[in-house]
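S.K.: Pasting a structure here, questions to come.
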Amino acid sequence: MRTLISIRLRNAAVLLVLATMLCFTLVVSAPGNVAVLIAELRSPKATFEQIRVVEEELGLNDPLVVRYGNWLGSALKGDLGISYKTGESIGPALAGRLHVTGILVAGGAIFAMILSFALGFIGALFPGRIGDAATRVIALLGASMPSFFVGALLIYGLAVELRLLPTFGSAGLSSWIMPWMTIGLLPAAVLSRVVRVGLEEAMARPFALTASAKGLSRGRIIFRHALPNIAPTYINALGAQGGAMVVGAVVVEPLFALKGVADFFLQGVLFRDFMVVQACLLVFLTSFIILNLLVDIGMMFSDPKLRRQGANA
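The following block contains the structure:
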């Protein structure tokens with residue numbers, strides 16, 4: 001087990017280095033002169049000497065390897081550069097937005113898990129009945145509707161017509177309900193099918209048939225015997241959908257006026273603020289890598305085959 005975990009950690013470290021190289025290349029290959037942009041932020045009519053001073057400050061005349069090393073060292077300390085738009089340091093601005101995106105994705109994941117298990121269990125407990133057919137229809141609709149459309153429907157129904165929830169902002173718990181539902185509906189639809197199909201396959205295995213022959217109820221067999229068998233598959237699918245929710249935040253945050261990392265990223269793209277885009281991409285890629293690492297470790301603990309493989313490694 002320790003060997004497999006150490007291999008996963010090593011692979012994650014390699015991916016993190018490659019991610020930093022990709023983010024660094026983004027700014028290096030960006031059109032225009034970075035020094036000119038920063039110099040014009042300081043002075044609208046920047047002179048050639050002022051541009052040269054900025055180039056020296058940023059080390060733009062150094063070799064790429066040296067520039068990458070300096071940038072990586074600064075990034076590890078939280079210094080992610082200066083915004084072209086505002087002229088302010090990106091690190092503090094980004095740090096103040098991380099919790100917003102974190103709450104959005106975590107809440108959406110919890111909503112997706114609750115809804116997916118509810119739909120999956122209803123279908124597995126009543127196979128071939130109205131409940132099973134209804135869960136299939138709900139899952140199909142949830143997987144077919146894009147996030148912006150779901151958000152618009154929720155805003156119109158729950159905020160405009162019924163006036164139950166606020167339409168934007170993050171002032172309290174009620175303001176998070178619609179964003180969580182918007183970002184979590186599609187993953188919930190996908191995960192519900194993972195639960196339903198996994199339980200159906202598990203109930204057809206010999207251990208489930210034996211338990212049924214002993215007189216155990218279908219519900220007891222599902223919860224005590226079948227559910228643990230779908231854990232590795234569910235964890236793997238949940239990790240994939242978690243990454244999709246991070247991407248989905250780019251749509252959901254502006255829709256509900258949430259000032260998170262995704263909204264910051266869109267502002268950087270809109271104003272061609274490559275330093276902001278670089279910093280946000282670094283956060284996104286790092287979150288993907290860490291999430292996949294946690295998924296791999298979770299699958300090791302939930303799958304006996306992987307545990308035996310780790311013991312023999």
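Read in order, the letters of the sequence shown are residues 1 to 313 in the working numbering.
Glycine included, C-beta positions come from ideal geometry on N, C-alpha and C.
Note that the structure is predicted; figures quoted are calculated from it, not measured.
Nearest-angstrom Cα distance between residue 254 and residue 295?
M.R.: Taking the sequence shown and counting its residues from 1, one reaches residue 254 at position 254. Taking the sequence shown and counting its residues from 1, one reaches residue 295 at position 295. About 29 Å.
S.K.: Sorted by chain position, which residues of the same chain lie with C-beta nearer than 7 Å to residue 78's C-beta, five sequence neighbours on each side aside?
M.R.: For the purposes of this step, residue 78 is taken as the residue at position 78 of the sequence shown. 91, listed in sequence order.
S.K.: So does the region 98-113 actually touch the region 224-244, counting three or more Cβ pairs closer than 8 Å?
M.R.: Short answer: they touch.
S.K.: In or out: residue 14 buried (at least 16 other Cβ within 10 Å) or exposed?
M.R.: Taking the first residue of the sequence shown as 1, we reach residue 14 at position 14. Result: exposed.
S.K.: Give the DSSP-derived three-state secondary structure of residue 29 in the structure shown.
M.R.: Mapped onto the sequence shown, residue 29 falls at position 29. Three-state result, residue 29: coil.
S.K.: Less than 8 Å between the C-beta atoms of residue 285 and residue 243, yes or no?
M.R.: Translated into the one-based positions of the sequence shown, residue 285 becomes position 285. Translated into the one-based positions of the sequence shown, residue 243 becomes position 243. The answer is no: Cβ separation not under 8 Å.
S.K.: In the DSSP output, which residue or residues are listed as bridge partners for residue 82?
M.R.: Taking the first residue of the sequence shown as 1, we reach residue 82 at position 82. Bridge partners of residue 82: 89.
S.K.: Should residue 262 go down as buried or exposed, given a rule of 16 or more other Cβ atoms within 10 Å for buried?
M.R.: Along the sequence shown, one-based indexing puts residue 262 at 262. Buried, because 16 or more other Cβ atoms sit within 10 Å of the Cβ of residue 262.
S.K.: Considering residue 76, what are the terminal residues of the alpha helix (DSSP H) in which it resides?
M.R.: Mapped onto the sequence shown, residue 76 falls at position 76. Where residue 76 is concerned, the enclosing alpha helix (DSSP H) stretches over 64-76.
S.K.: Please give me, in chain order, every unbroken run of the alpha helix (DSSP H) with length at least 4 that falls completely inside the region 99-168.
M.R.: Correct list: 130-144 and 147-154.
S.K.: In angstroms with no decimal places, state the Cα-to-Cα distance between residue 156 and residue 249.
M.R.: Reading the sequence shown from its first residue, position 156 is the one you call residue 156. Reading the sequence shown from its first residue, position 249 is the one you call residue 249. So the two alpha carbons sit approximately 20 Å from each other.
S.K.: Which of helix, strand or coil does DSSP assign to residue 272?
M.R.: Here the question's residue 272 lines up with position 272 in the sequence shown. Of the three classes helix, strand and coil, the one that applies to residue 272 here is coil, per DSSP.
S.K.: Under three-state DSSP, which class holds residue 259?
M.R.: Within the sequence shown, numbered from 1, the residue matching residue 259 stands at position 259. Residue 259 falls in the coil class under three-state DSSP.
S.K.: If residue 144 sits next to residue 251, beta carbons under 8 Å apart, how far is it from one beta carbon to the other, in whole angstroms?
M.R.: In the sequence shown, counting from the first residue as 1, residue 144 sits at position 144. In the sequence shown, counting from the first residue as 1, residue 251 sits at position 251. Contact doesn't hold; Cβ gap of about 16 Å is too wide.
S.K.: On the DSSP letters alone, give me the boundaries of the alpha helix (DSSP H) that residue 184 sits inside.
M.R.: For this step, residue 184 is matched to residue 184 along the sequence shown. 174-203 is the extent of the alpha helix (DSSP H) around residue 184.
S.K.: Given a cut-off of 8 Å, decide if residue 2 and residue 297 are closer than it, judged by their beta-carbon atoms.
M.R.: Along the sequence shown, one-based indexing puts residue 297 at 297. Along the sequence shown, one-based indexing puts residue 2 at 2. In this structure, residue 2 does not lie closer than 8 Å to residue 297 by Cβ.
S.K.: Measure the C-alpha to C-alpha separation of residue 194 and residue 84 and round it to an integer number of angstroms.
M.R.: Within the sequence shown, residue 194 is the residue found at index 194, counting from 1. Within the sequence shown, residue 84 is the residue found at index 84, counting from 1. Approximately 45 Å, taken between the alpha carbons.
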